[in-house]
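Down below is the structure, laid out as structure tokens.
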Amino acid sequence: MTLLSSPARATAGTAPAAGAGGGPKPGRGRRRSWAWTAAAPLFLVVGLAFGLPALAMADGAFTVGDAYGLGNVTRSVEGAYRTALLGSVELSALTAAAGTLFGLLLAQAVVTSRSRALREAVLTASGVLANFGGVPLAFAFVATLGNAGVLTTRLGLDAHGWSLYGFWGLALTYLYFLVPLMVLTVAPALDGLRVQWREAARDCGASTWQYWRHIGVPVLLPTLLGGFVLLFGSAFAAYATAAAMVGSSVPLVTLQIADALSGNVLVGQENVALALSLDMVVVAALVMAVHLPLQRRSTRWLA
-19 MTLLSSPARA TAGTAPAAGA GGGPKPGRGR RRSWAWTAAA PLFLVVGLAF GLPALAMADG
41 AFTVGDAYGL GNVTRSVEGA YRTALLGSVE LSALTAAAGT LFGLLLAQAV VTSRSRALRE
101 AVLTASGVLA NFGGVPLAFA FVATLGNAGV LTTRLGLDAH GWSLYGFWGL ALTYLYFLVP
161 LMVLTVAPAL DGLRVQWREA ARDCGASTWQ YWRHIGVPVL LPTLLGGFVL LFGSAFAAYA
221 TAAAMVGSSV PLVTLQIADA LSGNVLVGQE NVALALSLDM VVVAALVMAV HLPLQRRSTR
281 WLA
């Protein structure tokens, strides 16, 4: 039997491997091209639940009489409507900043705690309280800190000028569900901070403050900013709590939309509520445009 030469042996040895791994497999491209059909039901639900209402809202917002125009959109950023929009932005930004700070401190205390039971209890309670809102939340605060609330009467808060039915009272109420939401958001990021980073900083002579300033906070910054944006969106879209607790005493865009939908508008301005809703969608789109890149960046660092 004749032995193969070196080039022949190399060709014979590498040919099957090239055929097995390098060439296209039959039917592989077809499977890839049809893989997106698995998400077709999701696209259908999103289109029906979000696409059609969004188109109807945009159509009504730009409809003035029997023609299309910018009259409703212009009115939605003028006068009382502008005040309500700015009030919602101010309230949302303030409560989001406070919720980010307090949520970070609480999450750090829980993550560094040696008690597993405490960690699980806080995270479970945060998951419940983050979804506790609306009329029940308003009733709980009215019964506790209202004019005749338990703490108001026992501590004499009304004598010091305290009032729940104003801007600061509503901000305090919003923190009740924003802080737990921030805890759920930032706790996984705090878990992602590697122990080796802290040990390396300690070996290099860095103090705790220097570690957080140069390592911890820069790594967590995308998550913190993303959490702030998430809290801002949650506060900006909240309606039932404010409607049940403060009514129209605090100008908010969601309350203005409710008044417009209930018929409390001038003749010929029936579609102003749709224009206000379109303004909220624009603000929410801007919020998501900021949140998604920050989320991807934090995932890259903490993965």
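Going by this note's numbering, the first residue of the sequence shown is number -19, and it counts up by one from there. Positions of the beta carbon are idealized from the N, C-alpha and C atoms, including for glycine.
Query raised in the report: Between which two residues does the alpha helix (DSSP H) harbouring W189 extend?
Result: 188 to 191
Query raised in the report: Apart from the five residues on each side of it in sequence, which residues of its chain come closer than 7 Å, Cβ to Cβ, to L201?
Result: none
Query - Length-filtered (3 minimum) beta strand (DSSP E) runs lying within the stretch 200 to 225 - result: none
Query raised in the report: From which residue to which residue does the alpha helix (DSSP H) around T132 run?
Result: 130 to 135
Report task. To the nearest angstrom, report how far apart R288 and A19 are at their CA atoms. Result -> Past the edges of the chain, shown from -19 to 283, lies residue 288, and the structure says nothing about it.
Query raised in the report: From this set, F157, V197, W148, which residue's C-alpha is nearest N111's C-alpha?
Result: F157
Report task. Quick one: using the 10 Å Cβ neighbour count with 16 as the cut-off for buried, is F30 buried or exposed? Result -> exposed
Query raised in the report: Short check: CB of L258 to CB of I237, under 7 Å?
Result: no
**Report entry** Residues bridged to V44 [DSSP beta-bridge criterion]
**Finding:** A47
Report task. State the Cα-Cα distance for the pair V130 and S143, rounded to the nearest angstrom. Result -> 14 Å
Query raised in the report: Since L125 is in the alpha helix (DSSP H), which residue starts that stretch and which ends it?
Result: 115 to 125
Requested in this report: Determine the burial state of P116: buried for a count of at least 16 other Cβ atoms within 10 Å of its Cβ, exposed for fewer.
Outcome: exposed
Query raised in the report: To which residues of the same chain is V261 closer than 8 Å at the C-beta, ignoring the five residues directly before and after it?
Result: A34, M37
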